[in-house]
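This report refers to the structure that appears directly beneath it.
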Amino acid sequence: MSASGVSAAVIAARLSAAGLPTRVEEHNRFTTVEAEVPETLSAETWREVLDVVADADRFGLMATSLNGRTLWAVVRKTVPTTGDVGGPGYQR
């Protein structure tokens, strides 16, 4: 598992411990964590959840009338600093 995968797994475990069901997905350049957020969540749990996702590179909350509320977090994978890493279209 990549370093971002380990960080994402830690985030997912902490969110699960707070009572939120989570999913983790590996992508080419990052790993994502998604958690379903119930309609009622105590202020204390919200503070804990925000503390957890603060360890991610990016995070947010998506709320829709169809799917409820989903908290998401992204942990970027480390890019090697030498060689033609991403091809001609990527900055180094």
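Residue 76 in the numbering used here sits at position 76 of the sequence shown, and the numbers go up by one each step.
From the three backbone atoms N, C-alpha and C, an ideal C-beta is built for every residue, glycine too.
Rounded to whole angstroms, residue 56 and residue 49 show a C-alpha spacing of 12 Å.
With contacts defined by Cβ atoms closer than 9 Å, residue 33 and residue 12 form a contacting pair. Each residue's CA atom was taken as its position, placing residue 15 and residue 44 some 13 Å apart.
One alpha carbon belongs to residue 30, the other to residue 71, and they sit about 16 Å apart.
Per DSSP, residue 29 lies in no alpha helix (DSSP H) and is assigned neither H nor E.
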